[in-house]
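Visitor: Handing you this structure, nothing more for now.
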Amino acid sequence: MNTMPMLGAGTFRLKQQDAIDSVLMSLNAGFRHIDTAQVYDNEAEVGEAIVQSGIAREEIFLTTKVWTENFASDKFMASVKQSLQKLKTDYVDLLLIHWPLKTDDVSMETYLSELKAVKEAGLTKHIGVSNFTNAQLAQAIAILGEGEVFTNQVEIHPYLQNRKVVEFCQQHKVQLTGYMPFAYGDVLKDEVIQTIAQQHNVSAAQVVLAWMRQNDYVTIPSSTKQANIESNFASLTLTLSADDMAKIATLEKGHRLASPSFAPDWD
Ligand SMILES: NC(=O)c1ccc[n+]([C@@H]2O[C@H](COP(=O)([O-])OP(=O)(O)OC[C@H]3O[C@@H](n4cnc5c(N)ncnc54)[C@H](OP(=O)(O)O)[C@@H]3O)[C@@H](O)[C@H]2O)c1
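Pasting the structure below:
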């Protein structure tokens, strides 16, 4: 698929049959964008679900991410080939650097050159990064060239709006992908979001997904339940008013959930 659908299905934490079921339910519900990663340990299940769905590979936008342990020159390309084997495909649509390295064990120049080599070998259509700060993204653009970094996938939801990163990505025409749109459920309990949901006769989750889309953030919620998957997909038909958007914009509270010990110094 040439374009990246604004709404995709995430697969973090989903293992074995749960991963197959979630991806199959998502594809049956209409999702055509699936997000996985080497470290999620479910690429084989994602690949299996795509095969089982019977949907042509080229109709699906498939993303995976290279784990930090595979950044060295002697491992990078081989790890991507292994991912493709598990995913049962010849290419992914988007290949991301999952996290920037905090140490200089492997330089950014090295792992981004490997990423570019994967694209040149035709094993991915697009390349991008995840969890990069603005300084790191500037470095990545200097290494790869303007226009090469397709997306920066970062945590974004109403409680962590990541405005500095958003502004920098928009300046450099790097598409934002917001992960954990529901803050793993926390924002769904928010009174402002629930009130907007009642006014539109929709769910809080649909409000959050429409807010992401109307801000031009691609997003990738995950779910194990058919009803949630179907209603998440139906968010594509919901349009929030400028007033709704403005009210949600006030909910920022620096509520960051994904910040492991190896995370960079966030903007
Ligand atoms: N690049 C990175 O470093 C990074 C880090 C984290 C995540 N991600 C990506 O982003 C994706 C999304 O993040 P996430 O899975 O951590 O969190 P999330 O999508 O914010 O939240 C998932 C939770 O929301 C629930 N949920 C989903 N739809 C719902 C609905 N309509 N109503 C009520 N609850 C609903 C799910 O429960 P049910 O199963 O019960 O529906 C699940 O517990 C991941 O799967 C992964 O692909 C990337």
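Per the numbering used here, the sequence shown starts with residue 222, numbered consecutively.
Think of the CB as a built atom: it goes at the ideal place given N, C-alpha and C, for glycine as much as any other residue.
On a predicted model such as this, the values are computed, not experimentally measured, just so you know.
Is it a yes or a no for the region 275–293 touching the region 301–316, going by three-plus beta-carbon pairs under 8 Å?
Guide: A contact is defined here as three or more CB-CB pairs under 8 Å, and the region 275–293 meets this definition with respect to the region 301–316.
Visitor: With burial defined as no fewer than 16 other Cβ atoms inside 10 Å of the residue's Cβ, what is the status of Gly268: buried or exposed?
Guide: buried
Visitor: Between the Cα of Asn453 and the Cα atoms of Gly229, Phe292, Tyr400, Gln419, which residue gives the shortest distance?
Guide: Gly229
Visitor: Select from Met227, Glu264, Pro481, Val327 the residue whose C-alpha is nearest the C-alpha of Gln489.
Guide: The first residue shown for the chain is 222 and the last is 488, placing residue 489 beyond what the model contains.
Visitor: Looking at Gly349 and Thr331, is the spacing between their C-beta atoms short of 7 Å?
Guide: No.
Visitor: Mapping the DSSP letters down to three states, classify Asp242 as helix, strand or coil.
Guide: helix
Visitor: Once the 5 residues before and after Tyr261 are set aside, which same chain residues still bring their CB inside 7 Å of it?
Guide: Thr232, Phe233
Visitor: Let me know the secondary structure DSSP gives Ser373 once reduced to three states.
Guide: The sequence shown places Asn at residue 373, not Ser. Three-state DSSP puts Asn373 in a strand.
Visitor: Give every residue of the same chain whose Cβ lies closer than 7 Å to the Cβ of Ser304, excluding the five residues on either side of it in the sequence, and list them in chain order.
Guide: So the list reads Gln259, Glu264, Thr285, once near-sequence residues are dropped.
Visitor: Would you say Gly349 touches ligand 1, meaning its beta carbon is less than 6 Å from a heavy atom?
Guide: no
Visitor: Taking 6 Å as the cut-off, is the C-beta of Lys219 nearer than that to any heavy atom in ligand 1?
Guide: Examination of residue 219 is not possible in this model, given that the chain is present from 222 through 488 alone.
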